[in-house]
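Numbered per UniProt numbering, the sequence shown spans residues 1 to 170.
Beneath this line is the structure, given in structure tokens, with notes to follow.
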Amino acid sequence: MLECQASELSLERIRRMLKATRLLLQRFPTRIAYLRDNQGMSALHIAAKQGHVNVMEEIIDRNPDACESIDNRGWNPLHVAIANAKLNVVRFILNEPRLDSLINAADNEGNTPLHLAAGRDRYSIITILVNDSRVNKKAQNLIYQMPIDFILNNPNLGELDKASVSSYKV
Numbered sequence: 001m002l003e004c005q006a007s008e009l010s011l012e013r014i015r016r017m018l019k020a021t022r023l024l025l026q027r028f029p030t031r032i033a034y035l036r037d038n039q040g041m042s043a044l045h046i047a048a049k050q051g052h053v054n055v056m057e058e059i060i061d062r063n064p065d066a067c068e069s070i071d072n073r074g075w076n077p078l079h080v081a082i083a084n085a086k087l088n089v090v091r092f093i094l095n096e097p098r099l100d101s102l103i104n105a106a107d108n109e110g111n112t113p114l115h116l117a118a119g120r121d122r123y124s125i126i127t128i129l130v131n132d133s134r135v136n137k138k139a140q141n142l143i144y145q146m147p148i149d150f151i152l153n154n155p156n157l158g159e160l161d162k163a164s165v166s167s168y169k170v
């Protein structure tokens, strides 16, 4: 009973947040989408960080080029979703054709989203990314490391995880 009430409260919070987002985007369509915080994060980055796919959709529907925004680290919303382990956002981005440009985008250090996932122990996300034919598994960062280097040198991934990921076609 208590869990049900908590779920209802969470759903209500999400509904209110989405309604507020829609109102803000109607009133200030471009300002909201392109405002940045002190880390350079836009509303789209923050929605990705918090796992709010519905808010991301609303922003992209009204401002399609907002998805190209990067923060001070050069991270796009996919990098942010991976850093914050938001699997639902990763799936959304991979399934949204308007966001294809995010898939292999490099940050300020040359790391793609796959590099980031490999270095952050995100096994579920690594698996999704390496199974996507659009993901460049051989991308090199600025110090010539590929995602597989991050995976094989990651002490937090088990040997079985490393073996299964490294067996994917690169």
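C-beta: ideal position from N, C-alpha, C; glycine also.
Here the structure is a predicted model, which means the values were calculated and not measured.
Unbroken beta strand (DSSP E) runs of length 3 or more, entirely within the region 42 to 70: which are they? none
Which residue from Asp149, Pro77, Asp121 puts its Cα closest to that of Ile59? Pro77
What's the call for Asp61, buried or exposed, on a 16-neighbour Cβ count within 10 Å? exposed
Would you decide whether Ser133 is buried or exposed? Buried here means 16 or more other CB atoms lie within 10 Å of its CB. exposed
Looking only at its own chain, which residues have a Cβ that is under 7 Å from the Cβ of Gln39, when we skip the five neighbours before and after it? Asp71, Asn72
Does the Cβ-Cβ distance between Met56 and Val89 come in under 9 Å? yes
Any idea if Pro113 is buried or exposed, counting beta-carbon neighbours within 10 angstroms, 16 or more meaning buried? buried
Bounding residues of the alpha helix (DSSP H) (the contiguous stretch that carries Ala144): Note that residue 144 corresponds to Tyr in the displayed sequence, not to Ala. Premise fails: Tyr144 is in no alpha helix (DSSP H) and is neither H nor E.
Looking at C-alpha atoms only, which residue of Asn54, Lys86, Pro97 is the closest neighbour of Asp65? Pro97
Option nearest Phe92 by Cα separation, candidates Ala139, Ala48, Ile151: Ala48
Using a Cβ-Cβ cut-off of 8 Å (strictly less than) and excluding sequence neighbours within five positions of Gln145, which residues of its own chain qualify? His115
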